[in-house]
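Worksheet: one structure, shown below.
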Amino acid sequence: MKNQNTPLTVISFESRMALPMQRLLEKKGIHCISAPTMKEVPLEENPRLFEFYEKLKNGEFDGIIFMTGVATRTLIKTLEQKFSKDEILETLRNKSKIIVRGPKPTAVCNRNNLPIFLTAPEPNTWREIISVLENHDFIKSKKLAIVEYGISNTDFINQLQKKGAETHPLQVYQWAMPDDLEPLNTAIATILTGKADLLAFTSAKQIENIMTLVKEKNLEGAFRRALYSTAITSIGPVTSEHLSTHQFFPDLEAKPHKMEALVELMAKKGLSASRQKKKKAVLNLVYVKDSQQITETKDIMEDSPFMRACRIKANSQIPVWLMRQAGRYMAEYQSVRKKGGFKDLCTNPDLATEVTITAVERLGLDAAIIFSDILLVCEAMGMRLTYEENHGPILGPPIRTMDDLKRLRPSHTATDMPFVAKAISQTRKHLHPCIPLIGFSGAPFTVAAYMIEGGASKNFIATKQMMHSEPSVWKKLMNLLVPALADLLNTQIAAGCQVVQIFDSWVGQLNSQDYETFVMPYTQKLVRKIKKGTPVIHFGSFNASSLHLQQKAGGDVLSIDWRVDIKQALQIIPKRKGIQGNLDPTLLFNKPKAFLPGVKKLLQAVGKRPGYIFNLGHGILPGTPVDHVMALVDYVHEWKM
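Reading the sequence shown from the start, the letters are residues 192 to 832 in our numbering.
If you want it as structure tokens, here you go:
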């Protein structure tokens with residue numbers, strides 16, 4: 192790690208002002224690697240620009256929004272090919288009201304004596320433009336021209352349209368890759384080897400070209416992992432927002448949003464930001480070449496916060512992991528997903544290992560859960576299983592009668608699903624022993640419901656009909672499932688899982704009487720068949736009035752649905768049982784300052800009760816902002832017991 196006397200290494204991606212940026216950094220004693228990421232390509236042969244100007248002269252726009260200073264200058268300069276500058280400026284002054292996003296287009300307008308109607312306040316993002324337009328009743332039914340910089344801001348345009356504006360976006364220049372890629376390739380190599388302390392982003396487009404290049408080289412995964420330990424600096428909120436769309440979150444942001452301020456910020460806070468980022472990355476690093484080479488593996492494992500909670504022991508730190516922690520919301524997952532479909536990720540041990548470990552490292556979690564799916568066992572039993580985009584799993588033909596049951600066969604995980612044990616043993620080998628690995632299966636009811644309905648269902652009519660009208664068929668199906676699921680769980684334990692979780696995701700569709708009669712006996716059978724000494728987490732969508740049934744069904748730790756008041760759960764569930772949960776996953780779509788007070792209340796309610804594991808009350812939802820998830824994990828880890 193850098194000491195005070197070793198100069199920081201900063202990679203600057205600035206293009207137009209590359210040399211001035213390098214000089215400013217070097218004056219501060221900072222070693223600068225200059226890697227221009229782009230070159231401007233003005234759209235001089237741009238018929239739309241001249242069409243736009245004709246419409247402007249005819250008074251067809253109520254307002255014209257200038258997004259950047261360069262765009263404003265380039266618009267005027269390009270139009271000068273056919274029109275005099277005086278005519279252009281006169282048209283801009285008299286034919287439309289001018290709205291500017293920030294100080295740079297403001298400066299261009301002032302130099303040309305163009306009257307400004309509205310200016311977006313700091314932090315000068317598109318959201319402030321929306322706000323100032325709304326405050327002046329200047330959106331609905333207005334025709335707005337948007338003079339854009341290289342990247343079209345679809346979120347901004349969509350919001351304007353949603354609020355009733357007629358939008359006319361116009362790009363006056365684009366960004367291309369630099370002619371000489373060698374400096375950028377050198378910079379990427381420096382990042383990958385961990386020799387860069389800070390990255391300096393001064394434009395939204397820079398990350399686009401960088402990601403294009405690393406993807407072409409098949410280095411996206413390695414590049415993302417390298418940035419876990421490399422501090423990121425941004426010139427301002429527009430650049431920061433665009434970085435966040437790629438799930439890169441600046442550690443430092445300049446204010447005012449100027450190059451000089453960014454350099455000053457790096458000189459003052461760059462070293463501490465770099466140290467903090469590297470320290471966190473080291474703490475989160477769980478990938479090892481061979482965990483068996485680490486001595487006292489079992490002791491390290493058993494003394495981990497997660498295992499202590501599973502054993503209902505007192506803890507100095509609240510352990511946290513999250514259902515669906517490796518999922519579509521995460522860019523690293525999406526990168527791996529390009530290598531195959533969802534089923535490929537589950538059945539390819541290399542891909543399953545990668546997404547399992549990456550989620551733990553990205554978020555800094557206390558446990559890993561093997562990447563798989565509860566319905567793979569159905570295919571092993573003889574059903575056809577497909578996963579369709581936007582439709583979820585489809586099983587067929589559905590099981591509805593005694594004759595249908597004849598199509599099912601006993602499942603033996605070792606022979607029917609050999610990829611399960613291989614993925615777990617491979618993951619366990621490369622997962623640091625301080626991180627326990629969770630195996631899982633569906634509960635008999637939830638898996639049976641999928642088999643009967645042929646997929647997800649809103650009301651589970653066919654399932655309930657079988658339970659009540661064909662109880663012998665139901666009983667036989669459940670008795671086929673219990674040994675298959677037990678074999679699946681025990682195979683995972685033998686392969687290297689320290690804990691298993693049973694998912695009863697659909698059990699909330701049942702009333703208490705039906706659960707107790709038709710479901711609970713089979714869940715109890717399954718729990719009894721799991722290898723003794725292995726902690727069992729039992730998750731189900733139970734309500735508060737049926738928590739006693741969840742407890743009775745079995746499990747060392749009860750994972751609580753988000754709709755249950757944690758205070759009620761603490762009263763109902765005896766202290767010999769652990770509790771896991773139960774934040775509402777939809778809350779994570781809010782900013783951390785909005786959802787963290789709810790986390791605080793939850794943690795305060797739990798207090799120092801042994802056996803508590805923080806989790807959500809269901810899985811992370813697609814589209815959840817990953818930085819919100821990271822803020823949640825950090826908050827729980829910093830909580831004082």
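C-beta atoms are modelled at their ideal positions from N, C-alpha and C, and glycine is treated no differently. None of the values given here were measured: they were computed from a predicted structure.
**Prompt:** Just curious, the beta strand (DSSP E) that C223 is in, first and last residue?
**Reply:** 222 to 225
**Item:** Three-way DSSP call (helix, strand, coil) for K406 in this model
**Value:** helix
**Message:** Please give me, in chain order, every unbroken run of the alpha helix (DSSP H) with length at least 4 that falls completely inside the segment 298 to 377.
**Reply:** 317 to 326, 345 to 353
**Prompt:** Using the rule of at least 16 other Cβ atoms within 10 Å of the residue's Cβ for burial, across every protein chain shown, is F780 buried or exposed?
**Reply:** exposed
**Message:** My assumption, with CB atoms under 8 Å, is that F308 sits in contact with G254. Please give the rounded CB distance.
**Reply:** 7 Å
**Prompt:** Is the segment 472 to 485 touching the segment 764 to 771 in the sense that three or more CB pairs, one from each, lie closer than 8 Å?
**Reply:** no
**Request:** Would you tell me roughly how many angstroms separate the C-alpha atoms of A675 and V638, rounded to the nearest one?
**Result:** 11 Å
**Message:** Just to confirm my understanding: we take P296, look at its own chain, exclude 5 residues before and 5 after, and list those with CB closer than 8 Å. What are they?
**Reply:** F257, M258, T259, G260, A262, T263
**Request:** Assuming L389 contacts S465 (C-beta within less than 8 Å), just tell me the rounded distance between them.
**Result:** 6 Å
**Request:** Please work out which residues of its chain come closer than 7 Å, Cβ to Cβ, to F709, disregarding the five sequence neighbours upstream and downstream, and give them in chain order.
**Result:** M658, W665
**Cα-Cα separation between T197 and H222, rounded to whole angstroms** = 10 Å
**Asked** Can you tell me whether DSSP reads I401 as helix, strand or coil?
**Response** helix
**Message:** Tell me the rounded alpha-carbon separation between L215 and I426.
**Reply:** 14 Å
**Asked** If you drop the 5 nearest sequence neighbours on each side, which residues of the same chain put their C-beta closer than 8 Å to that of V673?
**Response** P635, Y713, K716, L717, K720
**Message:** Buried or exposed, going by whether 16 or more other CB atoms sit within 10 Å of the CB of H582?
**Reply:** exposed
**Prompt:** In angstroms, rounded to a whole number, what distance separates the CA positions of V511 and Q689?
**Reply:** 16 Å
**Message:** Between L404, E411, S420, which has its C-alpha nearest K386's C-alpha?
**Reply:** S420
**Message:** For K230 and A209, what's the separation of their Cα atoms in angstroms?
**Reply:** 11 Å
**Contained alpha helix (DSSP H) runs [length at least 4] in the segment 554 to 591, N- to C-terminal order** = 567 to 571
**Request:** Check whether the segment 586 to 600 touches the segment 449 to 456, counting contact only when three or more Cβ pairs, one atom from each stretch, lie closer than 8 Å.
**Result:** no
**Prompt:** Which residue comes first and which comes last in the beta strand (DSSP E) that contains I770?
**Reply:** 769 to 774
**Prompt:** Does DSSP put T259 in a helix, a strand or coil?
**Reply:** coil
**Message:** Rounding to the nearest angstrom, what Cα-Cα distance links P726 and S663 in this structure?
**Reply:** 32 Å
**Request:** Pick helix, strand or coil for F694, following the three-state DSSP scheme.
**Result:** strand
**Asked** Which residues does DSSP pair with F497 in a beta bridge?
**Response** None; F497 has no bridge partner.
**Asked** Touch check for the segment 363 to 373 and the segment 405 to 422: three-plus C-beta pairs under 8 Å?
**Response** no
**Request:** Can you have a look at G808 and say buried or exposed, based on whether 16 or more other CB atoms are within 10 angstroms of its CB?
**Result:** buried
**Message:** Output needed for I491: all residues of its chain with C-beta closer than 6 Å, excluding positions within five of it in sequence on either side, in chain order.
**Reply:** P624, C625
**Message:** Restricting to Cα atoms, I'd like to know which of P211, L283, A685 is closest to E245.
**Reply:** L283
**Message:** When you compare the segment 500 to 520 with the segment 641 to 656, are there three or more beta-carbon pairs, one atom per stretch, that lie closer than 8 Å?
**Reply:** no
**Beta-carbon proximity list for Q683, same chain, < 6 Å, skipping 5 on both sides** = I615, G630
**Item:** Assumed close pair S750, V698 - CB separation to whole angstroms, cut-off 8 Å
**Value:** So it is not a contact: roughly 12 Å between Cβ atoms.
**Asked** Where does V454 sit, in a helix, a strand or coil, going by DSSP?
**Response** helix
**Request:** Express the C-alpha separation of E661 and A653 in angstroms, rounding to a whole number.
**Result:** 10 Å
**Between the CA atoms of R754 and D775 - distance to the nearest angstrom** = 7 Å
**Asked** Which whole-angstrom value describes the C-beta separation of L566 and Q516, a residue pair presumed to lie in contact below a C-beta threshold of 8 Å?
**Response** Contact doesn't hold; Cβ gap of about 19 Å is too wide.
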